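Chains as they are written, first to last, in this note's numbering: chain P, 1 to 207; chain Y, 1001 to 1207; chain L, 2001 to 2207; chain X, 3001 to 3207.
Protein chains: 4
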Amino acid sequence: MSEPRYRRRKEERPQEITDAAFAVFAEKGYAATRVQEVAKRAGVSKGLMYLYFKTKEELFKAVIKSVVIRRVDALVDVVENTDLSSEEFLRGPMAEFMKRIPGSPVAVVIRLLLSEGPRHPDLVDYYWENVVSKGLGAISRFVERGIERGEFRKSAVSDLPQILLAPMMLSTVWNMLFAKRRLDSDKLIDTHVDMLLDYIRTETVRP
Amino acid sequence: MSEPRYRRRKEERPQEITDAAFAVFAEKGYAATRVQEVAKRAGVSKGLMYLYFKTKEELFKAVIKSVVIRRVDALVDVVENTDLSSEEFLRGPMAEFMKRIPGSPVAVVIRLLLSEGPRHPDLVDYYWENVVSKGLGAISRFVERGIERGEFRKSAVSDLPQILLAPMMLSTVWNMLFAKRRLDSDKLIDTHVDMLLDYIRTETVRP
Amino acid sequence: MSEPRYRRRKEERPQEITDAAFAVFAEKGYAATRVQEVAKRAGVSKGLMYLYFKTKEELFKAVIKSVVIRRVDALVDVVENTDLSSEEFLRGPMAEFMKRIPGSPVAVVIRLLLSEGPRHPDLVDYYWENVVSKGLGAISRFVERGIERGEFRKSAVSDLPQILLAPMMLSTVWNMLFAKRRLDSDKLIDTHVDMLLDYIRTETVRP
Amino acid sequence: MSEPRYRRRKEERPQEITDAAFAVFAEKGYAATRVQEVAKRAGVSKGLMYLYFKTKEELFKAVIKSVVIRRVDALVDVVENTDLSSEEFLRGPMAEFMKRIPGSPVAVVIRLLLSEGPRHPDLVDYYWENVVSKGLGAISRFVERGIERGEFRKSAVSDLPQILLAPMMLSTVWNMLFAKRRLDSDKLIDTHVDMLLDYIRTETVRP
DNA sequence: GATGAATGAGGATTCATTCAT
DNA sequence: TATGAATGAATCCTCATTCAT
Chain P
1 MSEPRYRRRK
11 EERPQEITDA
21 AFAVFAEKGY
31 AATRVQEVAK
41 RAGVSKGLMY
51 LYFKTKEELF
61 KAVIKSVVIR
71 RVDALVDVVE
81 NTDLSSEEFL
91 RGPMAEFMKR
101 IPGSPVAVVI
111 RLLLSEGPRH
121 PDLVDYYWEN
131 VVSKGLGAIS
141 RFVERGIERG
151 EFRKSAVSDL
161 PQILLAPMML
171 STVWNMLFAK
181 RRLDSDKLID
191 THVDMLLDYI
201 RTETVRP
Chain Y
1001 MSEPRYRRRK
1011 EERPQEITDA
1021 AFAVFAEKGY
1031 AATRVQEVAK
1041 RAGVSKGLMY
1051 LYFKTKEELF
1061 KAVIKSVVIR
1071 RVDALVDVVE
1081 NTDLSSEEFL
1091 RGPMAEFMKR
1101 IPGSPVAVVI
1111 RLLLSEGPRH
1121 PDLVDYYWEN
1131 VVSKGLGAIS
1141 RFVERGIERG
1151 EFRKSAVSDL
1161 PQILLAPMML
1171 STVWNMLFAK
1181 RRLDSDKLID
1191 THVDMLLDYI
1201 RTETVRP
Chain L
2001 MSEPRYRRRK
2011 EERPQEITDA
2021 AFAVFAEKGY
2031 AATRVQEVAK
2041 RAGVSKGLMY
2051 LYFKTKEELF
2061 KAVIKSVVIR
2071 RVDALVDVVE
2081 NTDLSSEEFL
2091 RGPMAEFMKR
2101 IPGSPVAVVI
2111 RLLLSEGPRH
2121 PDLVDYYWEN
2131 VVSKGLGAIS
2141 RFVERGIERG
2151 EFRKSAVSDL
2161 PQILLAPMML
2171 STVWNMLFAK
2181 RRLDSDKLID
2191 THVDMLLDYI
2201 RTETVRP
Chain X
3001 MSEPRYRRRK
3011 EERPQEITDA
3021 AFAVFAEKGY
3031 AATRVQEVAK
3041 RAGVSKGLMY
3051 LYFKTKEELF
3061 KAVIKSVVIR
3071 RVDALVDVVE
3081 NTDLSSEEFL
3091 RGPMAEFMKR
3101 IPGSPVAVVI
3111 RLLLSEGPRH
3121 PDLVDYYWEN
3131 VVSKGLGAIS
3141 RFVERGIERG
3151 EFRKSAVSDL
3161 PQILLAPMML
3171 STVWNMLFAK
3181 RRLDSDKLID
3191 THVDMLLDYI
3201 RTETVRP
């Protein structure tokens, strides 16, 4: 009697729409994206979209947030709860994480925020609070812990957690701009981690 | 003796227009920029714009190129002709250069290319050939020269000149997104140069 | 209780729009017609026009075709299926047909094709194939049949079906140019038919 | 000292401009003609054109009139002063005249008047008075004279001088529309003259 | 709830005309 | 005079949003 499939779709609609929207925004950017096109990809009528999202801008915000929400705390949790040594953590989970970013939805979000950010300061704030500040906080704590444990020495890195992320950022931008000129993103990040460890490790490894 | 309605200034117009266009594009991005608005800022009528640039797109390309043209070879020349030691050069002119980028028109170009690039592959190619490939080439040669001179050891950096630019890139993106959350860009770059030198220098300095 | 802002009438719209467009094109010609004005006359918004016709040109073509389609085969059928004698047919249905043209939409189409034809060769071809060539073919067959039946003699008219239509054409152009200087179109055509019959009939009527 | 070539050009300018304008109008029609393009073809600057013709419309009128002025009275004179028999005149000079029209500037004028006429009633009046009414008047007088001389019988043709011009008109329109589908214009006119003579001649020629 | 027909403000572009040089 | 740089009204077309069905 009941129509569970229909009911189910109804609940999943917003997600389906933001997914479709994400895909189109990623491809064309905000301005060049037609609401119509998003509706089509979501398999939904234009009118229905406006039932869930009052304007194109609101849809845009929902898209950004939906991507962010799914990622937040992914890394943070691991940082706090790992029992690896600092070096092992950096070379392992941390490097893995950084290598994944350039090809991930986060890259798309960065691009979208770069172009639309100025007109959506609230979105930027949202991104800052939920992603960047949390992430940087975790890195800072990680470095402090390394120092406390005697694994790391004191250095400017303590105040500049961003330095860890620099190659990830470069790789992300590179991929978006010069996709056809390959950059060995993994090697870049590994080398940077090597370099960083040489720099902040207490025991000197090089002979 | 009323003011003349306009001045004839054929020579200066293109520059005046691209300058105004750069400002507006920087502020609003390509899509959100109205040709009308550019005209207004250039102190020129809408119609005149089309006398110098056939379409909005052509204007966009001209703007990008005008920025690029003015910068090209700035760094490259110095790299080739300096008589500083490799370390001095890195800490001096090279660091200076990298510190200037985030606040320069180049940052704007990067943002514009990130959002409009996919629809203007020729522009991206242009940027690649005139800026990125030249710059990376110069860095590569600089590293090789350091090795030949016995100042640097062989390392992954030889194949990854990008690693040198990573903090500059991060700083650039950071500034565009989080202008209000200050990042000590200079310290970031200096620290990175320290780290890099530690990594590739032949004589170990740390005790 | 207020009037609805608009009605949904997908089926009727194209016809309504081409009808309105025909009227405006007839009055002002293609170039001087504003899409806006057509919309207004059709009681429709500007935007809706573009839902049914992608460009002003496409609308133009649709208008021409809609007029043509409604007329095609009107005469042709009668020619093929009449059981009147050739003379009766010429003086009756054929003369009737020719007298109607100058005041009909076909006259407007001719005017539009004359001014816009060079830029729409496909339209001219369409008009040729669907109207002119069919019509001339029918006239040719009619003359041949008259000869076979012994009603008409062989003459240059067999190869020049256009000669029959000459006064119709003159009348059409006259009306469009000199509407205010009356031309007795009917008498012109009747006289021409008289003349033609005298010329091609086998039995000499005049004493 | 003096600059005769310069002076001479100055006097010929209006003619040169209307000639160039005629060519462009003939090719593109009034609306699609750019003043710029006319200036270019006349080898003159845009600004100078406006010294001779205050607006594009005025230029248009001048063009029409310049064509008309050169033709007026061409035929008329001959009609009045010939010493040929009526039949000889019809088969000779008159037929020649009609055969020339379809390929002459007059054809262009007709096309232009058809499309722009409604917005230039004064031009149409001008054309009427200087060309059509004179021409028709001459034909009428010619027919009357034939009757007086006993060469022609009384007929409807007396009141319908247009009937003589019908094939010329058809040929003219045909050429403008269907240039690529050849019509034997000369044969059409000759046949029509045959037909007409058979119709209005007093002595019956056919056996 | 769904749909997509209908709306109309907004933006790029053209081109007749003006006017500083 | 003669030029063509400069103007801006006018026009086509797009697309986010609404709303009758």
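We put the beta carbon where it would ideally sit given N, CA and C, even for glycine.
Please read all numbers here as calculations on a predicted model, not as lab measurements.
Can you list the alpha helix (DSSP H) stretches of 4 or more residues lying completely in the region 2059 to 2112 of chain L, in chain order?
2074 to 2081, 2086 to 2089, 2095 to 2100
Coarse secondary structure for Arg2007 (chain L), derived from DSSP in three states:
Sequence index remark: in the third sequence, residue 2007 (chain L) carries index 7 (1-based). Under the three-state reduction of DSSP output, Arg2007 (chain L) falls in the coil class, being neither helix nor strand.
Does at least one heavy atom of the ligand ADP sit under 6 Å from the Cβ of Arg2201 (chain L)?
As far as ligands go, the structure on display features none, and thus does not contain the ligand ADP.
Which first and last residues belong to the alpha helix (DSSP H) in which Asn175 (chain P) is found?
For the purposes of this step, residue 175 (chain P) is identified with residue 175 of the first sequence, where counting begins at 1. Taken as a continuous stretch (DSSP letters only), the alpha helix (DSSP H) holding Asn175 (chain P) covers 162 to 177.
Contact list for Tyr1199 (chain Y) against chain P, beta-carbon separation under 8 Å:
Taking the second sequence and counting its residues from 1, one reaches residue 1199 (chain Y) at position 199. What Tyr1199 (chain Y) touches in chain P: Asp194, Met195, Asp198, Tyr199.
At least one CB of chain P closer than 7 Å to the CB of Ser1045 (chain Y): is that the case?
Position 45 of the second sequence, counted from the first residue, corresponds to residue 1045 (chain Y). So, not an interface residue.
Going by beta carbon distance, what residues of the same chain come within less than 7 Å of Thr3202 (chain X), once the five residues before and after it are set aside?
Residue numbering aside, residue 3202 (chain X) sits at position 202 when the fourth sequence is read from its first letter. The answer, listed in chain order, is Gly3150, Glu3151, Phe3152, Arg3153.
Okay, do the region 3032 to 3049 of chain X and the region 3113 to 3120 of chain X touch, 3+ Cβ pairs below 8 Å being the bar?
Touching, no, given that fewer than three Cβ pairs across the two stretches are closer than 8 Å.
Where does Tyr3127 (chain X) land, buried or exposed, given buried means 16+ other C-beta within 10 angstroms?
By 1-based counting over the fourth sequence, the position of residue 3127 (chain X) is 127. Classification for Tyr3127 (chain X): buried.
Reducing DSSP to helix, strand and coil, say where Phe142 (chain P) ends up.
Counting from 1 along the first sequence, the entry for residue 142 (chain P) is found at position 142. The three-state reading of DSSP puts Phe142 (chain P) in helix, counting H, G and I together.
At the level of alpha carbons, what is the spacing between Val18 (chain P) and Ala26 (chain P)?
Position 18 of the first sequence, counting from 1, holds the residue named residue 18 (chain P). Position 26 of the first sequence, counting from 1, holds the residue named residue 26 (chain P). In the sequence under discussion, the amino acid at residue 18 (chain P) is Thr, which differs from the Val named in the question. Distance between the alpha carbons of Thr18 (chain P) and Ala26 (chain P) is about 12 Å.
How many Å lie between Ser3002 (chain X) and Pro3014 (chain X) at the Cα?
Locating residue 3002 (chain X) in the fourth sequence gives position 2, counting from the first residue. Locating residue 3014 (chain X) in the fourth sequence gives position 14, counting from the first residue. Residue placement at Ser3002 (chain X) is flagged as unreliable, the pLDDT there being 40, under the threshold of 50; the coordinate-derived value follows with that caveat. Whole-angstrom Cα-Cα distance: 22 Å.
Please list, in chain order, the chain Y residues whose beta carbon lies closer than 7 Å to that of Pro167 (chain P).
Counted from its first residue, the first sequence places residue 167 (chain P) at position 167. Per Cβ cutoff of 7 Å: Ile1163, Ala1166.
Does the distance from the CB of Ser1185 (chain Y) to the CB of Pro1105 (chain Y) come in under 7 Å?
Counting from 1 along the second sequence, the entry for residue 1185 (chain Y) is found at position 185. Counting from 1 along the second sequence, the entry for residue 1105 (chain Y) is found at position 105. Not in contact: Ser1185 (chain Y) and Pro1105 (chain Y) (Cβ atoms no closer than 7 Å).
On the DSSP letters alone, give me the boundaries of the alpha helix (DSSP H) that Ser2185 (chain L) sits inside.
Counting from one through the third sequence, the residue named residue 2185 (chain L) turns up at place 185. Here the alpha helix (DSSP H) through Ser2185 (chain L) covers 2185 to 2200.
How do the region 3155 to 3166 of chain X and the region 2166 to 2184 of chain L stand: do at least 3 beta-carbon pairs fall below 8 Å, yes or no?
yes
Whose Cβ in chain Y lies nearer than 8 Å to the Cβ of Met176 (chain P)?
Reading the first sequence from its first residue, position 176 is the one you call residue 176 (chain P). Result: Leu1114, Gly1117.
DSSP state of Phe152 (chain P), grouped into three classes?
Along the first sequence, one-based indexing puts residue 152 (chain P) at 152. In this structure, Phe152 (chain P) counts as strand in the three-state DSSP scheme.
List, in chain order, every chain X residue whose beta-carbon is nearer than 9 Å to that of Ala2031 (chain L).
Mapped onto the third sequence, residue 2031 (chain L) falls at position 31. Going along chain X in sequence order, the residues near Ala2031 (chain L) (Cβ under 9 Å) are Gly3029, Tyr3030, Ala3031, Ala3032, Ser3115.
Relative to the C-alpha of Phe3142 (chain X), which candidate in X:Arg3070, X:Asn3175, X:Val3024, X:Asn3081 has its C-alpha closest?
Start at 1 with the first residue of the fourth sequence, and residue 3142 (chain X) comes out as number 142. The shortest C-alpha separation from Phe3142 (chain X) is found at X:Asn3081.
Starting from the beta carbon of Lys2187 (chain L), find every residue of chain X whose beta carbon is closer than 8 Å, and list them in chain order.
Stepping through the third sequence from its first residue, residue 2187 (chain L) is reached at position 187. Those within 8 Å of Lys2187 (chain L) in chain X are Ala3156, Asp3159, Leu3160.
Selection from L:Lys2028, L:Lys2065, L:Ala2021, L:Ser2066 that minimises the alpha carbon distance to Lys2046 (chain L):
Position 46 of the third sequence, counting from 1, holds the residue named residue 2046 (chain L). The residue with the shortest Cα to Cα distance from Lys2046 (chain L) is L:Ala2021.
Contacts of Arg3215 (chain X) in chain L (Cβ-Cβ under 8 Å):
Limits of chain X in this structure are 3001 at one end and 3207 at the other, which puts residue 3215 (chain X) out of reach.
State yes or no: is the beta carbon of Leu2090 (chain L) nearer than 7 Å to at least one beta carbon in chain X?
Position 90 of the third sequence, counted from the start, is the residue given in the question as residue 2090 (chain L). No, Leu2090 (chain L) lies away from the interface with chain X (no Cβ there is under 7 Å from its Cβ).
How far does the alpha helix (DSSP H) with Phe1022 (chain Y) in it extend, from its first residue to its last?
Start at 1 with the first residue of the second sequence, and residue 1022 (chain Y) comes out as number 22. Per DSSP, Phe1022 (chain Y) is one residue of the alpha helix (DSSP H) stretching across 1013 to 1028.
What in chain L is Cβ-close to Val3173 (chain X), meaning under 8 Å?
For the purposes of this step, residue 3173 (chain X) is identified with residue 173 of the fourth sequence, where counting begins at 1. Those within 8 Å of Val3173 (chain X) in chain L are Ile2110, Leu2114, Met2169, Val2173.
Please report the distance separating the alpha-carbon of Glu2057 (chain L) from that of Asn1175 (chain Y).
Stepping through the third sequence from its first residue, residue 2057 (chain L) is reached at position 57. Stepping through the second sequence from its first residue, residue 1175 (chain Y) is reached at position 175. Distance between the alpha carbons of Glu2057 (chain L) and Asn1175 (chain Y): 49 Å.
Thinking C-alpha only, which one of L:Leu2051, L:Arg2145, L:Asp2122 is nearest Leu2084 (chain L)?
Residue 2084 (chain L) sits at position 84 when you count from the first residue of the third sequence. Among L:Leu2051, L:Arg2145, L:Asp2122, the Cα nearest to that of Leu2084 (chain L) belongs to L:Arg2145.
Could you tell me if Leu75 (chain P) is buried or exposed, where buried requires 16 or more neighbouring beta carbons within 10 angstroms of its beta carbon?
For this step, residue 75 (chain P) is matched to residue 75 along the first sequence. Burial call: buried.
Compare the C-beta of Thr2202 (chain L) with all C-beta atoms of chain X and state if any pair is closer than 7 Å.
Looking up residue 2202 (chain L) in the third sequence gives position 202. Output row for Thr2202 (chain L): interface = no.
In chain order, what residues of the same chain lie with their CB nearer than 8 Å to the CB of Ile189 (chain P), ignoring the 5 residues before and after it?
Here residue 189 (chain P) refers to the residue found at position 189 of the first sequence. The residues are Ala95, Met98, Lys99, Pro167, Met168, Ser171.
Since Leu3183 (chain X) meets chain L, which of its residues come closer than 7 Å, beta carbon to beta carbon?
Translated into positions along the fourth sequence, residue 3183 (chain X) becomes position 183. The contacting residues are Gln2162.
Contact criterion: CB-CB distance below 7 Å. Does Lys2191 (chain L) meet it with respect to chain X?
Within the third sequence, residue 2191 (chain L) is the residue found at index 191, counting from 1. In the sequence as displayed, the identity of residue 2191 (chain L) is Thr instead of Lys. With 7 Å as the cut-off, Thr2191 (chain L) counts as an interface residue toward chain X.
Considering only the beta carbon of each residue, do Arg1091 (chain Y) and Val1157 (chain Y) sit closer than 7 Å?
Within the second sequence, the letter at position 91 stands for residue 1091 (chain Y). Within the second sequence, the letter at position 157 stands for residue 1157 (chain Y). No, the Cβ-Cβ distance between Arg1091 (chain Y) and Val1157 (chain Y) is not below 7 Å.
Please compile the residues from chain L whose C-beta is within a distance smaller than 8 Å of the C-beta of Val3124 (chain X).
Along the fourth sequence, one-based indexing puts residue 3124 (chain X) at 124. Correct list: Leu2177, Phe2178.
When DSSP labels each residue in this structure, what does Ala2032 (chain L) get in the three-state scheme?
For this step, residue 2032 (chain L) is matched to residue 32 along the third sequence. If DSSP states are grouped into helix, strand and coil, Ala2032 (chain L) belongs with coil.
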